[in-house]
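Residue numbers (the working numbering): 2 to 199.
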């Protein structure tokens with residue numbers, strides 16, 4: 002994809018779409034509030050920086066050229082997200098602790114590190130080339146990550162404010178866990194189907 006404008010639009014639309022990271026950010030916004038959840042964006046930025054950087058500049062050529070490696074990477078990411086979804090779902094029945102967030106900073110980091118959106122940006126959207134040439138694209142990606150994260154946190158907080166009876170810890174954790182698990186299943190099925198011979 003050539004040009005900053007089409008790249009910006011594609012990345013913004015991809016990042017704002019529902020997915021595991023956004024579900025967890027919204028859940029944090031609903032349970033902890035907007036301001037208290039902004040620290041999660043740092044975990045998301047760090048995780049995407051690592052996954053996109055590794056995929057685009059180190060592993061990209063090997064992953065693109067090996068169908069088996071690409072399939073295994075996608076399956077591993079899908080399995081982790083499925084496990085995370087189940088864990089968040091089960092946390093609804095555990096006693097509340099700490100800031101009462103459905104996921105920790107470490108959990109948010111790992112979920113985002115394995116988020117398929119990082120694969121798409123690092124392997125499909127980001128133009129190939131040395132780091133200095135891709136710097137503007139990486140800067141735009143970082144801005145889109147932060148803006149999308151803040152938007153989903155705000156949406157979760159707004160939902161909790163508008164419907165406090167529905168934003169209980171149990172409902173929020175169950176809804177976010179189910180969303181992450183459903184996304185993981187979709188991702189796993191699509192990974193397997195796309196690897197089948199025509």
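A virtual CB, placed ideally from N, CA and C, is assigned to each residue, including glycine.
Asked	Found
Going by C-alpha distance, which of 139, 175, 159 is nearest residue 57?	139
Counting pairs of Cβ atoms below 8 Å between the region 164-176 and the region 42-50, do you hit three or more?	no
How is the alpha helix (DSSP H) around residue 117 delimited, first residue to last?	117-121
Can at least three beta-carbon pairs, one atom from the region 84-92 and one from the region 149-163, be found at a separation below 8 Å?	no
Around the C-beta of residue 195, are 16 or more other C-beta atoms found within 10 angstroms, so that it is buried, or is it exposed?	exposed
Kindly confirm or deny that the region 24-34 and the region 122-132 touch, where touching means at least three C-beta pairs closer than 8 Å.	no
If we count the other Cβ atoms within 10 Å of its Cβ and call it buried at 16 or more, is residue 190 buried or exposed?	exposed
Are there 16 or more other CB atoms within 10 angstroms of the CB of residue 112, so buried, or fewer, so exposed?	buried
For the candidate residues 120, 85, 128, 54, whose alpha-carbon lies nearest to that of residue 107?	85
Since residue 70 contacts residue 81 with CB under 8 Å, what's their CB separation in whole angstroms?	Contact flag wrong, Cβ pair sits at about 17 Å.
Would you give the residue range spanned by the alpha helix (DSSP H) that residue 58 belongs to?	Premise fails: residue 58 is in no alpha helix (DSSP H) and is neither H nor E.
By Cβ distance below 6 Å, which residues in the same chain neighbour residue 9 in space, the five residues on each side in sequence not counted?	141
Is it buried or exposed for residue 192, if we count other Cβ within 10 angstroms and need 16 for buried?	buried
Give me the Cα-Cα distance between residue 165 and residue 153, rounded to the nearest whole angstrom.	17 Å
By a C-beta neighbour count over all protein chains shown, 10 Å radius and 16 as the cutoff for buried, is residue 188 buried or exposed?	buried
Do you know how far the Cα of residue 137 is from the Cα of residue 128?	11 Å
Can you tell me where the alpha helix (DSSP H) holding residue 9 begins and where it ends?	5-17
Quick check: the Cα distance between residue 50 and residue 12, rounded to an integer number of angstroms?	14 Å
Below 8 Å on the Cβ atoms is my guess for residue 79 versus residue 185; work out the distance and round it to an integer in Å.	5 Å
How many Å lie between residue 37 and residue 67 at the Cα?	42 Å
Out of curiosity, what's the CA-to-CA distance linking residue 147 and residue 42?	6 Å
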